[in-house]
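One structure below.
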Amino acid sequence: MSMSESQASQPHKPADDQEHVYFEGPPLLRGESGRLIGFILLGLIVIGGSITAGVMVFPPAFGGVVVGLALMFIPWIYNKAVRYRITNYRIDFERGLLSKKIDTLELWHVDDIQFSQSVLERLLRVGTITIMSNDDTTPKLVMSGLPSPRPLFDSLKQRVIAVKRQRGVIKMDLG
1312 MSMSESQASQ PHKPADDQEH VYFEGPPLLR GESGRLIGFI LLGLIVIGGS
1362 ITAGVMVFPP AFGGVVVGLA LMFIPWIYNK AVRYRITNYR IDFERGLLSK
1412 KIDTLELWHV DDIQFSQSVL ERLLRVGTIT IMSNDDTTPK LVMSGLPSPR
1462 PLFDSLKQRV IAVKRQRGVI KMDLG
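All you need for this note's numbering is the position in the sequence shown, starting with 1, plus 1311.
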């Protein structure tokens, strides 16, 4: 088979640019420090209240301790239920523990990208990147608890411009 015959049998030419992963994994738990502290305190209050109120009766005290411990693990469970895969072409947002749902946001759909980082997040080296897009299923995607968020934000910002240019996407203001 000659070279032209093999090229003719392929539906289209392969992409010039390979997909590179910028970040893959769950958000960092330290990025949810406020939620983590809140649920730990709530769990300790439930445990303390059930122990002091249930000194006379064992089963309610045991139930309160179990509920209090469960409350302490909610941020960890929530963290394990979310996963991001950010590449130079798309963002996959996966959520769910038992059942899974994955949304994909192509970077050429992105209209705006924002970066935010509180003082505590700066100390913990995490941050939030918010993506606004014209995608029907994911018009706004808030990714919090991302490690080293500033370089990731800068890379995404540049890639959005490059991918739009590559696809010939032109933004027009009609107002």
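Each residue gets a CB set at the ideal place from its N, CA and C atoms; glycine is no exception. Since the model is a prediction, treat every value here as computed from it, not as a measurement.
TODO: Could you have a look at proline 1338 and say whether DSSP puts it in helix, strand or coil?
DONE: coil
Open item on the list: Would the segment 1426 to 1438 count as touching the segment 1401 to 1410 if we require 3 or more Cβ pairs under 8 Å?
Closed with: no
TODO: Specify the secondary structure class of serine 1444 as computed by DSSP and reduced to three states.
DONE: Residue state, collapsed to three classes: strand.
Open item on the list: According to DSSP, is leucine 1408 part of a helix, a strand, or is it coil?
Closed with: coil
- [ ] Taking all protein chains shown into account, decide if serine 1459 is buried (16 or more other Cβ within 10 angstroms of its Cβ) or exposed.
- [x] It counts as exposed.
Open item on the list: Pop quiz: valine 1357 and glycine 1342 are said to be a contact at Cβ under 8 Å. What is the actual Cβ separation, rounded to whole angstroms?
Closed with: Contact flag wrong, Cβ pair sits at about 25 Å.
Task: DSSP three-state assignment for arginine 1470, whether helix, strand or coil - done: helix
Task: Own chain partners of aspartate 1423 with C-beta closer than 7 Å, once the 5 adjacent residues on each side are dropped - done: Met1443
TODO: Within the same chain, show all residues whose beta-carbon is closer than 6 Å to that of threonine 1449, passing over the 5 residues directly before and after it, in chain order.
DONE: Asp1414, Leu1416
- [ ] Could you spell out where the alpha helix (DSSP H) holding arginine 1433 opens and where it closes?
- [x] 1430 to 1435
TODO: Name, in chain order, the residues that DSSP records as bridge partners for serine 1455.
DONE: Note: serine 1455 sits in no beta bridge, so no partner.
Open item on the list: Does glutamate 1432 pass the burial test, meaning 16 or more other C-beta atoms within 10 Å, or should it be called exposed?
Closed with: buried
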